[in-house]
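Using the working numbering, you'd call the opening residue of the sequence shown number 39 and step up by one each time. Glycine included, C-beta positions come from ideal geometry on N, C-alpha and C. Read through the structure below, which is laid out as structure tokens, and then see the notes.
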Amino acid sequence: MASLDFKDRVAVVTGAGAGLGRSYALLFASRGAKVVVNDLGSGRHGEGQQSAAADSVVAEIRKNGGIAVADYNSVVDGEKVIKTALDNFGRVDIVVNNAGILRDRSFARISDQDWDLIHAVHLKGSFKVTQAAWPIFRKQNYGRIIMTSSNAGIYGNFGQANYSAAKLGLVGLANTLAIEGQKYNIHCNVIVPTAASRLTEDILPPDLFKELKPEYIAPVVAYLCHESCDANGEIIESAIGWVGKLHYIRSQGKLLRTSNSPTFTIEDVQANWSQAMDMSKAKHLDNIQEATAALVDSINNNGSSDSGASGDDSNLFKIDNNKLILYSLAVGATVTKPAHLSYLYENHENFQPAPGFFILPGLMTIMTSSVTADALPHADVSPTNILHGEQYLEVVGKLPTEGQVRTEVSVADVLDKGSGAVVIVDFSTYNGDEVIVKGQMMAFCVGAGNFGGPRNSAKAIAPVPPPKRQPDAVIEEKTSEDAAALYRLCGDLNPLHIDSNIAQMAGYKKPILHGLCTVGYSVRHVLDQYADSDGSLFKSYKVRFSKPVLPGQTLRTLMWREGNRIYFSTQIKETGAEVVTGAYVDLKEVKMTASTKLVSAPSLESDAIFQKIIDGVKEDPAKAKSVNGIFLYEITKDGKKVKEWTLDLKKGEVYEGQPKGGKADTTLTVSDSDMVDIAFGKLQAQAAYMRGKLKIKGNIMLTQKLVPLLKSGPKL
Ligand code: NAD
């Protein structure tokens with residue numbers, strides 16, 4: 039084991055004239071550090087002042103060949119203490135806030151002076167010394183800080199109310215400095231020592247007192263101050279040559295309100311008290327984000343009683359017309375499309391659930407149980423680190439429109455992916471004794487990998503990439519700004535989808551859409567395109583989530599048909615990001631009507647040209663109308679027609695697709711890239727026509743009239 043030294047480091051140890059501080063100073067100096075031995079030389083209760091305490095320790099260090107300088111300032115003048123380090127050694131790397139006094143009194147007898155003096159020396163002193171060193175630490179991108187707390191603060195101790203308060207205050211101070219210093223390589227930890235000193239001589243039993251040598255704590259503090267130690271924000275307890283870590287744990291608790299009953303009474307608190315205080319499933323939470331996430335988790339676990347998932351009945355899920363309609367609205371079904379009425383009107387002759395709805399009973403059961411976390415070999419995975427990776431859903435029975443269904447879940451496998459673990463959870467949802475849907479959820483648990491488990495599993499239902507060709511159909515649809523707000527009401531109440539503060543804490547600009555809401559849109563697109571919006575033709579889907587969607591963004595579902603399987607991927611139109619990949623819907627049968635041909639093609643380079651034309655027409659509608667003709671552009675890619683644009687210059691309208699009213703006077707067929715080249719003058723329109731790159735049918739002469747219109751914009 040390589041020896042750890044402090045060569046070239048400067049350590050400031052406050053209250054180093056005696057007890058623990060003296061031991062720290064001697065050890066640092068013996069390992070090469072230049073040490074500032076700070077000590078006011080006061081009495082046990084803060085009375086008086088003498089330089090002898092610091093001087094004797096400096097002399098001891100020098101006698102042993104070390105380098106040290108005495109500083110007699112009170113820690114309350116922290117900047118003076120740090121100045122001593124800078125004046126003598128030109129730098130400072132380590133601050134051990136150790137100086138301390140006692141003014142023990144029973145609470146009723148504590149005077150203002152007793153209170154203020156204790157807080158001045160312990161809390162304010164640590165603040166002042168550390169704050170004076172802080173800019174130096176930041177500048178040199180290195181610093182190690184120790185705060186000294188006490189079991190009296192952590193547990194309380196008779197007669198030490200002032201001291202306990204100040205000592206626990208130091209834990210709070212250290213917690214925040216650990217966060218603020220992290221990016222500057224400044225670490226701040228807390229030591230909770232128990233050692234024989236003048237502070238403890240009349241507190242500790244004499245036999246024990248002999249054993250409690252300050253020298254037993256010093257190596258622990260020195261290690262925490264070494265550059266090789268990455269501990270930060272820890273509370274470390276040490277005594278008699280023992281060291282351990284202390285951290286808070288929080289009970290699972292009990293949510294007292296539900297979305298059915300948002301208010302609660304004092305009696306409700308009483309009735310739930312023992313369950314709320316039960317520590318059997320208590321967990322440590324590492325930071326405020328985890329604490330918030332755990333709170334959010336509690337809301338999800340306990341607050342979804344109107345989804346039928348609460349308490350011991352967490353695998354039950356109620357279904358009624360309202361919920362089915364709400365889901366359909368949340369995934370974009372609209373009364374403006376007559377075929378969607380069957381999803382939205384309970385008296386419709388074919389009133390039906392949107393099939394994507396039936397993911398909810400399984401999902402809510404998994405979310406309200408600890409099945410995923412329990413399956414992990416590492417305990418303590420934060421809920422924020424469990425991500426919904428993939429989902430499979432298959433309809434195997436008759437889907438009810440009302441009643442209560444029950445879901446059974448089981449862990450199929452746990453995979454080791456190195457950076458994380460994948461828990462594969464299978465579920466079956468029952469209506470009475472009949473299985474109506476089966477599913478498989480894959481949860482990716484960040485940081486839970488490397489446990490020596492298998493990388494793959496035969497039980498996993500795999501995502502499949504789409505065929506390597508242009509999609510056969512594309513549907514674009516802008517999601518509602520309220521999509522997540524609506525979707526929540528179907529059961530998944532996670533505030534991440536509605537509360538901006540929680541979204542920001544989770545690292546998003548604003549609340550994100552539920553991944554399964556995005557899937558609900560895309561599955562509906564597939565049904566609109568290939569099943570005449572008939573949910574009963576749906577058999578199954580498989581999806582992999584890759585990125586989140588924000589409510590209000592436009593989803594673009596790209597579809598490829600191979601028999602009864604429709605491969606799809608979902609993109610965000612505004613950013614081009616792929617959000618659902620490796621996905622497919624299996625249909626019982628494909629049903630297409632005349633109106634369900636190519637709805638819209640993916641974005642092309644020439645789209646920008648047409649956008650410019652749209653802008654030009656808007657700018658000068660009279661000029662556009664003077665052309666008085668209807669033009670249909672057929673845009674091709676790899677010899678296939680991929681998009682159509684209408685320039686209806688009789689009405690002054692330009693839009694995607696065929697002419698809405700009347701017939702095109704002229705039809706122009708051109709490839710996407712030639713269209714761009716013509717627009718930018720790289721290819722003459724006439725030459726393109728002669729070489730067969732631009733085909734014109736109908737009234738050729740009318741195209742001449744387009745020229746003045748497009749003069750200011752791209753040439754066509
Ligand atoms: P100690 O009395 O032996 O040492 C404390 C030193 O701090 C003294 O030399 C004193 O002169 C100095 N000091 C007091 N006020 C000062 C000021 N304003 N500026 C500069 N120096 C000042 O006591 P110790 O037991 O070694 O305690 C060290 C630290 O550990 C204290 O913060 C104490 O509260 C804490 N602590 C000790 C124990 C223990 O078991 N000894 C337990 C818990 C916490």
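message: Please report the distance separating the alpha-carbon of Leu293 from that of Ile673.
response: Stepping through the sequence shown from its first residue, residue 293 is reached at position 255. Stepping through the sequence shown from its first residue, residue 673 is reached at position 635. About 58 Å.
query: On the three-pair Cβ rule with 8 Å, is the stretch 588 to 604 touching the stretch 457 to 465?
result: no
- request: Report the rounded CA-to-CA distance for Val50 versus Thr608, giving the unit in angstroms.
  value: The residue you call residue 50 lines up with position 12 of the sequence shown. The residue you call residue 608 lines up with position 570 of the sequence shown. Each residue's alpha carbon lies about 59 Å from the other.
Other residues of its chain near Met801: CB distance less than 6 Å, five sequence neighbours each side excluded: Only positions 39 to 754 of the chain appear in the structure, and residue 801 is not among them; the question remains open.
Where Gln198 falls, given that 16 or more other Cβ within 10 Å makes a residue buried: The count along the sequence shown starts at 1 and reaches residue 198 at position 160. Gln198 comes out buried.
- request: Please list, in chain order, all residues of the same chain as Met739 whose beta carbon is under 6 Å from its beta carbon, the five residues on each side excluded.
  value: Position 701 of the sequence shown, counted from the start, is the residue given in the question as residue 739. Excluding positions up to five away in sequence, the list is empty.
field: Heavy atom of the ligand NAD within 6 Å of Asp109 beta-carbon
entry: By one-based count along the sequence shown, residue 109 stands at place 71. Not under cutoff, so the answer is no.
field: Candidates Tyr261, Ala54 and Lys221: closest to Val119 by CA position
entry: In the sequence shown, the residue the question calls residue 119 occupies position 81. Nearest of Tyr261, Ala54 and Lys221 to Val119, Cα basis: Ala54.
field: Environment of Glu682 [buried if 16+ CB atoms lie within 10 Å]
entry: Looking up residue 682 in the sequence shown gives position 644. Buried.
- request: Taking only the alpha-carbon atoms, compute the straight-line gap between Ala347 and Lys688 and give it to the nearest angstrom.
  value: For the purposes of this step, residue 347 is identified with residue 309 of the sequence shown, where counting begins at 1. For the purposes of this step, residue 688 is identified with residue 650 of the sequence shown, where counting begins at 1. Confidence is the limiting factor: at Ala347 the pLDDT is only 37, short of 50, which leaves the residue's position unreliable, though a coordinate-based value still follows. Near 59 Å, if we compare the C-alpha coordinates of Lys688 and Ala347.
message: Could you compute how far the alpha carbon of Gln327 sits from the alpha carbon of Asn179?
response: Within the sequence shown, the letter at position 289 stands for residue 327. Within the sequence shown, the letter at position 141 stands for residue 179. Near 25 Å, if we compare the C-alpha coordinates of Asn179 and Gln327.
- prompt: With 16 other CB atoms within 10 Å as the buried threshold, where does Ala639 fall?
  reply: The residue given as residue 639 occupies position 601 in the sequence shown. The pLDDT assigned to Ala639 is 49, lower than 50, so where the model puts this residue is not dependable, and the model offers no usable value.
- request: Starting from the C-beta of Asp43, find all residues in its chain whose C-beta is less than 7 Å away, skip the five residues before and the five after it, and write them out in chain order.
  value: Sequence index remark: in the sequence shown, residue 43 carries index 5 (1-based). Excluding positions up to five away in sequence, the list reads Arg69 and Gly70.
message: Using the Cβ count rule (16 or more neighbours within 10 Å means buried), how would you classify His9?
response: Here the chain covers residues 39 to 754 and nothing more, so residue 9 does not appear.
- prompt: How is Gly194 classed by DSSP in three states: helix, strand or coil?
  reply: Position 156 of the sequence shown, counting from 1, holds the residue named residue 194. Here Gly194 sits in coil by DSSP.
- request: Return helix, strand or coil for Tyr622, following the three-state DSSP convention.
  value: Translated into positions along the sequence shown, residue 622 becomes position 584. Tyr622: strand per DSSP, three-state reduction.
message: By the DSSP assignment, the alpha helix (DSSP H) with Gly181 in it spans what residues?
response: Within the sequence shown, the letter at position 143 stands for residue 181. Looking at the DSSP string, Gly181 is not in any alpha helix (DSSP H); the run it does join, the beta strand (DSSP E), is Gly181 to Thr186.
message: Any heavy atom of the ligand NAD inside 6 Å of the beta-carbon of Leu284?
response: In the sequence shown, counting from the first residue as 1, residue 284 sits at position 246. False, no ligand heavy atom lies under 6 Å from that Cβ.
- prompt: Are three or more beta carbon pairs between the stretch 477 to 489 and the stretch 508 to 521 nearer than 8 Å?
  reply: no
- request: With hydrogens ignored, establish whether the beta-carbon of Arg761 is closer than 6 Å to any heavy atom of the ligand NAD.
  value: Any question about residue 761 goes unanswered here, given that the chain covers just 39 to 754.
- prompt: Which of helix, strand or coil does DSSP assign to Cys555?
  reply: Numbered from its first residue, the sequence shown carries residue 555 at position 517. Residue state, collapsed to three classes: helix.
query: Alpha carbon to alpha carbon, how far is Met185 from Val452?
result: Here the question's residue 185 lines up with position 147 in the sequence shown. Here the question's residue 452 lines up with position 414 in the sequence shown. Met185 and Val452: Cα-Cα distance of roughly 42 Å.
- prompt: Can you name the start and end residues of the beta strand (DSSP E) that Arg444 belongs to?
  reply: Your numbering for residue 444 matches position 406 in the sequence shown. Unbroken beta strand (DSSP E) run through Arg444: Gly441 to Asp454.
- prompt: CA-CA distance, Ala40 and Lys455?
  reply: The sequence position of residue 40 within the sequence shown is 2, counting from 1. The sequence position of residue 455 within the sequence shown is 417, counting from 1. Roughly 34 Å separates the two Cα atoms.
- prompt: So does Gly138 have its beta carbon nearer than 6 Å to some heavy atom of the ligand NAD?
  reply: Mapped onto the sequence shown, residue 138 falls at position 100. Yes, the beta carbon of Gly138 sits closer than 6 Å to at least one heavy atom of the ligand NAD.
- prompt: So, is the C-beta of Lys319 closer than 7 Å to a C-beta in chain C?
  reply: Included in the structure is just one protein chain, with no chain C present.
- prompt: Should the stretch 512 to 529 be regarded as contacting the stretch 581 to 598, the criterion being three or more beta carbon pairs within less than 8 Å?
  reply: yes
task: Would you list, in sequence order, the uninterrupted beta strand (DSSP E) runs of no fewer than 3 residues that lie entirely inside the stretch 46 to 122?
output: 48 to 51, 72 to 76 and 105 to 109
Whole-number beta carbon distance between His563 and Tyr525, since they are thought to touch under 8 Å: For the purposes of this step, residue 525 is taken as the residue at position 487 of the sequence shown. For the purposes of this step, residue 563 is taken as the residue at position 525 of the sequence shown. With a Cβ gap of about 16 Å, Tyr525 and His563 do not count as contacting.
field: For Ser466, the three-state DSSP class (helix, strand or coil)
entry: Within the sequence shown, numbered from 1, the residue matching residue 466 stands at position 428. DSSP places Ser466 in strand when its eight states are reduced to three.
message: Judging by CA-CA distance, which residue of Lys735, Gly677, Asp658 and Gly719 is the nearest neighbour of Ile668?
response: On the sequence shown, residue 668 is found 630 positions in, with the first residue counted as 1. It is Lys735 whose Cα lies nearest to the Cα of Ile668.
Residue nearest to Lys626 in terms of C-alpha spacing, selected from Glu612, Lys577, Ala256 and Lys656: Translated into positions along the sequence shown, residue 626 becomes position 588. Residue Lys577 is the option with its Cα nearest to Lys626.
message: Do Val95 and Ala63 have their beta-carbon atoms positioned less than 7 Å apart in this structure?
response: Taking the first residue of the sequence shown as 1, we reach residue 63 at position 25. Taking the first residue of the sequence shown as 1, we reach residue 95 at position 57. In this structure, Val95 lies closer than 7 Å to Ala63 by Cβ.
query: With Gly619 and Arg594 assumed to form a contact (beta carbons below 8 Å), what rounded beta-carbon distance in angstroms separates them?
result: On the sequence shown, residue 619 is found 581 positions in, with the first residue counted as 1. On the sequence shown, residue 594 is found 556 positions in, with the first residue counted as 1. For clarity, residue 619 is Thr in the given sequence; the question names Gly instead. The pair is not a contact, with the Cβ atoms about 13 Å apart (cut-off 8 Å).
query: How many angstroms separate the CA atom of Ser89 from the CA atom of Gly79?
result: Here residue 89 refers to the residue found at position 51 when the sequence shown is read from its first residue. Here residue 79 refers to the residue found at position 41 when the sequence shown is read from its first residue. Whole-angstrom Cα-Cα distance: 6 Å.
query: Can Arg182 be considered in contact with the ligand NAD, in the sense that its beta carbon sits closer than 6 Å to one or more heavy atoms?
result: Taking the first residue of the sequence shown as 1, we reach residue 182 at position 144. No, the Cβ of Arg182 stays beyond 6 Å of every heavy atom of the ligand NAD.
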